[in-house]
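Trainee: The structure is given below, and queries will be raised subsequently.
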Amino acid sequence: MQEHPPIDRSRPLSRRSGCFPALPYPPLSPGPFYCDRMGGVHFCEGSEGMTLKPWGKVVQAKNHLPPKEVLSMLSSNVKYIGLDVHKEAVAIAVLNSAGKLVMESVVETKASTLLDFLRGLRGELHVTLEEGTWAAWLYDVLRPHVVELVVCNPRRNALLKEGSKSDKVDARKLAELLRSGMLRAVYHGEHGLGILRELARGYLTVGKDQRRVMIRLKALYRSWGITCSGKQVYTPRHREQWLNKITQPGVRRRAELMYQQLDGLSAVRHTVRGELLAESRKHEATKILRQIPLIGPLRATLLLALMQTPHRFRSKRQLWTYSGLAVETHDSAQHRYVDGQLQRSKKPQQVRGLNQNHNHEMKEIFKSTAMSASRCAGPLQDFYEGLLAKGMKPDMARLTLARKIAAITLTLWKKGECFDAEHLKSQSA
């Protein structure tokens, strides 16, 4: 058996033959701990650390790392939680900062059950769920108990469409998207406008139901070869005249029931409208918005309920995108080499129309205001006619006018100023 040569203890440890060199002191990249040449283990997690010597003595040592960097080093304390919410159960997936799945569970869709689950987790909790029927309720329940809560837009979660689909798989993918910072948040906030928002939602919903019944009523007449146009078919004094054109008893009875449904919805909408306008008088923002020409009490109230606050939009272009007034362009192969020099291609951008993902009620408000302004005398009509005089087509001029109205709305609401026709002379929309 070969004998090892004796160790020369007079030489430093790092130069002795047959021994591993000690870790450098201090380390080039501070980690959770490091060892010095004397065998001490130094911990770096907090503003104050402990130095452990091999003979058991504990010495307090100061750590110069700022608190935010210390928290980022504690990867085990950061949890990314994805919730796939359904009517009776919620699938939950928990990832750590490294993307490793540390927990999966399925709990009942109750506030107490979800809060008990979150209380059983330690560290920073970052939670995400998709916008849907349960989103507003869960946002109010979970927000005070987590560091971050993202209610994401499901239309942008393309990862959920790939591969196998199940509740646990969707929850795990949501957690992974949250950890990667790939989610687009849906705005939830401004709790002081809760009553106004619910009344506006009720008014808009009843209006949609009313228009749906009116369309069905005309479709019924046309299905039996009866031509109808305009609004005369809906008025009470002309109903008997229109009902007499239907010869089939069953079809006539069906039309009578539709008229009854239309009358009921009209009465409900009138009641909700009064309550909505009364609630809007409690907010100062409606007075600012009503200064804009052709923005009446109802439009100002709906703008307040839908936008809630102007500060959620950093610029007018974000408001245009939210309102469906942003122009989408597609471009490719933008650069080329000419005689060894990189030049930008002169090929024009391809305009693909307005953005499709938007708030339809907001677009309806600004479009209807622009249509009315193009026909009514005032500063907005002068702006519209100036665009036509420059050779702009009428439809593009109305779009530009709607964008200008949206920009003025955002500016006045943010600054609390009064409307002035000089706003129309600023940079064009």
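In this text, residue positions in the sequence shown follow the numbering used here: the first is 124, and each later residue adds one. We put the beta carbon where it would ideally sit given N, CA and C, even for glycine. Here the structure is a predicted model, which is why all the values come from computation and not from measurement.
1. In angstroms, rounded to a whole number, what distance separates the CA positions of Ala214 and Arg279?
2. On the three-state DSSP scale, how would you describe Ala212?
3. I'd like the list of long-range same chain contacts for Gly255, defined as Cβ closer than 8 angstroms, with 5 residues on each side in sequence excluded.
4. State the beta-bridge partners of Val274 as determined by DSSP.
5. List the residues that DSSP assigns as beta-bridge partners of Gly205.
6. Can you look up Arg467 in the DSSP assignment and give me helix, strand or coil?
7. Tell me the rounded alpha-carbon separation between Leu261 and Gly325.
8. Going by DSSP in three states, Tyr310 sits in which element: helix, strand or coil?
9. Can you give me the C-alpha to C-alpha distance between Asp543 and Ala449, rounded to a whole angstrom?
10. Taking buried to mean at least 16 other C-beta atoms within 10 Å of its own C-beta, is Cys275 buried or exposed?
11. Note down the Cα distance separating His481 from Ala401, rounded to an integer number of angstroms.
12. Where in the segment 321–399 do unbroken runs of the alpha helix (DSSP H), each at least 4 residues long, occur, reported from the N-terminal end onward?
13. Return the chain-ordered list of same chain residues with a C-beta closer than 6 angstroms to the C-beta of Asp485, the five sequence neighbours on each side being excluded.
14. Is the number of C-beta pairs between the segment 360–370 and the segment 300–311 that are closer than 8 angstroms three or more?
15. Just how far apart, CA to CA, sit Ala234 and Ala216?
16. Between which residues of its own chain and Leu426 is the CB-CB distance below 6 angstroms, once the five residues before and five after are set aside?
17. Only counting the same chain, and skipping five residues up and downstream in sequence, which positions put a Cβ closer than 7 angstroms to that of Asn200?
18. Applying the criterion that 16 or more other CB atoms from any shown protein chain within 10 Å of the CB defines a buried residue, is Ser287 buried or exposed?
19. Quick check on Ser455: does DSSP put it in helix, strand or coil?
20. If you draw a straight line from the alpha carbon of Ile204 to that of Gly317, how long is it in whole angstroms?
Mentor: The short version:
1. Taking the sequence shown and counting its residues from 1, the one referred to as residue 214 is at position 91. Taking the sequence shown and counting its residues from 1, the one referred to as residue 279 is at position 156. Approximately 20 angstroms, taken between the alpha carbons.
2. The residue you call residue 212 lines up with position 89 of the sequence shown. DSSP places Ala212 in strand when its eight states are reduced to three.
3. Working through the sequence shown from its first residue, we reach residue 255 at position 132. Only Val208 and Pro277 meet the Cβ criterion.
4. Position 151 of the sequence shown, counted from the start, is the residue given in the question as residue 274. According to DSSP, Val274 bridges with Leu252.
5. Position 82 of the sequence shown, counted from the first residue, corresponds to residue 205. BP columns for Gly205 point to Ala216 and Thr251.
6. Within the sequence shown, the letter at position 344 stands for residue 467. In this structure, Arg467 counts as strand in the three-state DSSP scheme.
7. For the purposes of this step, residue 261 is taken as residue 138 along the sequence shown, with counting starting at 1. For the purposes of this step, residue 325 is taken as residue 202 along the sequence shown, with counting starting at 1. C-alpha separation (whole angstroms): 21 angstroms.
8. Along the sequence shown, read from residue 1 onward, the residue named residue 310 stands at position 187. Here Tyr310 sits in coil by DSSP.
9. Numbered from 1 along the sequence shown, position 420 holds the residue referred to as residue 543. Numbered from 1 along the sequence shown, position 326 holds the residue referred to as residue 449. Taking the straight line from one Cα to the other gives about 25 angstroms.
10. As a position in the sequence shown, residue 275 is number 152, starting the count at 1. Result: buried.
11. Within the sequence shown, numbered from 1, the residue matching residue 481 stands at position 358. Within the sequence shown, numbered from 1, the residue matching residue 401 stands at position 278. Whole-angstrom Cα-Cα distance: 28 angstroms.
12. 362–366
13. Numbered from its first residue, the sequence shown carries residue 485 at position 362. Just to set this straight, residue 485 is Met in the shown sequence, not Asp. Taken in chain order, the residues that qualify are Leu429 and Ser446.
14. no
15. Translated into the one-based positions of the sequence shown, residue 234 becomes position 111. Translated into the one-based positions of the sequence shown, residue 216 becomes position 93. The alpha-carbon atoms of Ala234 and Ala216 are separated by roughly 17 angstroms.
16. To locate residue 426, count along the sequence shown from 1; it is residue 303. Cβ within range, chain order: Leu412.
17. The residue you call residue 200 lines up with position 77 of the sequence shown. Result list for Asn200: Arg245, Gly246 and Glu247, in chain order.
18. On the sequence shown, position 164 is the one that residue 287 refers to. Burial call: exposed.
19. The sequence position of residue 455 within the sequence shown is 332, counting from 1. Residue state, collapsed to three classes: coil.
20. Looking up residue 204 in the sequence shown gives position 81. Looking up residue 317 in the sequence shown gives position 194. Rounded to whole angstroms, Ile204 to Gly317 spans 28 angstroms at the Cα level.
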